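Undergrad:
In the working numbering, the protein residues as written are 4 to 205.
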């Protein structure tokens, strides 16, 4: 394959209607597929000789809650939650990003890719732990970074920065306990005090 444009066209032709969009930006190709086609497209990208994306580099979740609302000029997402994976073809020296939006914001759900790439298991656990995205068919979908008693999903855009509960050691009970967060409001703007006539030429 020669160039990003050729790879993008090959993906359009090879995936057909399963590719909702194939975009190129910054020398990268992004394919957007339906959540229902997530596993089937993954198998095709791995097993079809014209693609040969045999290696899963990364898989993560994204929360598009605030996209399109700020001053950065981002476009709103098609849904709130998406799953993104990056694949590598060693034989063709090509990379591709594949994205699928979860059909429900209340219960974000996509098929697990553990049977396609066993390494996906830990990535899926991380996305579940941080975003609450459920990977149907993952045999070990439990928290991996936060504590088992953790409440909520900390990478969601509506999760409070302070969290809900904090963990501390109680000397009277002689054990670790959970309690509601007790952070006092404070001013986060630094105060700078300069000498009189600070920026004037001498």
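Cβ coordinates follow ideal geometry from the N, Cα and C atoms, glycine included.
Just so it is clear, the structure is predicted and the values come from calculations on it, not from any experiment.
Nearest to residue 44 by CA position, among 60, 90, 6, is which residue?
TA: Numbered from 1 along the chain shown, position 41 holds the residue referred to as residue 44. Residue 90 is the option with its Cα nearest to residue 44.
Undergrad: Please name the residue, chosen from 29, 34, 16, 48, that lies closest to residue 23 on a Cα-to-Cα basis.
TA: In the chain shown, counting from the first residue as 1, residue 23 sits at position 20. Comparing Cα positions, the closest option is 34.
Undergrad: Need the endpoints of the beta strand (DSSP E) that residue 81 sits in, please.
TA: Position 78 of the chain shown, counted from the first residue, corresponds to residue 81. Here residue 81 belongs to no beta strand (DSSP E), and DSSP marks it neither H nor E.
Undergrad: Residue 88 and residue 112 look like a contact to me (Cβ under 8 Å); what is the Cβ gap, rounded to whole Å?
TA: For this step, residue 88 is matched to residue 85 along the chain shown. For this step, residue 112 is matched to residue 109 along the chain shown. That pair is no contact at about 16 Å.
Undergrad: Could you check if residue 123 is buried or exposed, using at least 16 other CB atoms within 10 Å of its CB as the buried criterion?
TA: Taking the chain shown and counting its residues from 1, the one referred to as residue 123 is at position 120. Looking at its Cβ environment, which holds 16 or more other Cβ atoms inside 10 Å, residue 123 is buried.
Undergrad: I need the DSSP call for residue 12, collapsed to helix, strand or coil.
TA: Taking the first residue of the chain shown as position 1, residue 12 is located at position 9. Of the three classes helix, strand and coil, the one that applies to residue 12 here is helix, per DSSP.
Undergrad: If you draw a straight line from the C-alpha of residue 81 to the C-alpha of residue 104, how long is it?
TA: If you number the chain shown from 1, residue 81 lands on position 78. If you number the chain shown from 1, residue 104 lands on position 101. Roughly 7 Å separates the two Cα atoms.
Undergrad: For a test of the three-state rule: what should DSSP assign to residue 131, helix, strand or coil?
TA: Taking the first residue of the chain shown as 1, we reach residue 131 at position 128. Three-state result, residue 131: helix.
Undergrad: In the DSSP assignment, what are the bridge partners of residue 64?
TA: Looking up residue 64 in the chain shown gives position 61. Partner(s): 86.
Undergrad: What residue does the beta strand (DSSP E) around residue 24 start on, and which one ends it?
TA: Within the chain shown, residue 24 is the residue found at index 21, counting from 1. That run of the beta strand (DSSP E) goes 22 to 28.
Undergrad: Taking residue 56 and residue 99 to be in contact with their CB atoms under 8 Å, please state how far apart those CB atoms are, rounded to whole angstroms.
TA: Counting from 1 along the chain shown, the entry for residue 56 is found at position 53. Counting from 1 along the chain shown, the entry for residue 99 is found at position 96. Right, the Cβ-Cβ distance comes to about 6 Å (below 8 Å), so this counts as a contact.
Undergrad: Short check: CB of residue 158 to CB of residue 66, under 8 Å?
TA: Taking the first residue of the chain shown as position 1, residue 158 is located at position 155. Taking the first residue of the chain shown as position 1, residue 66 is located at position 63. Yes. Within cutoff.
Undergrad: Does chain B have any CB closer than 8 Å to the CB of residue 33?
TA: Included in the structure is just one protein chain, with no chain B present.
Undergrad: Let me know if residue 214 comes out buried or exposed under the rule of 16 or more other beta-carbons within 10 Å of its beta-carbon.
TA: No answer is possible for residue 214: the residues shown for the chain start at 4 and end at 205.
Undergrad: Contact check, residue 127 vs residue 110 under 8 Å by CB: the rounded distance?
TA: Position 124 of the chain shown, counting from 1, holds the residue named residue 127. Position 107 of the chain shown, counting from 1, holds the residue named residue 110. Incorrect: roughly 15 Å between the Cβ atoms, too far for contact.
Undergrad: Would a C-beta distance cut-off of 8 Å place residue 194 and residue 182 closer than the cut-off?
TA: As a working mapping, residue 194 is identified with position 191 in the chain shown. As a working mapping, residue 182 is identified with position 179 in the chain shown. Contact flag unset, no.
Undergrad: Suppose the cutoff is 8 Å on Cβ atoms and the five residues either side in sequence are ignored; what does the same chain contact list for residue 167 look like?
TA: Reading the chain shown from its first residue, position 164 is the one you call residue 167. Cβ within range, chain order: 154, 155, 183, 184.
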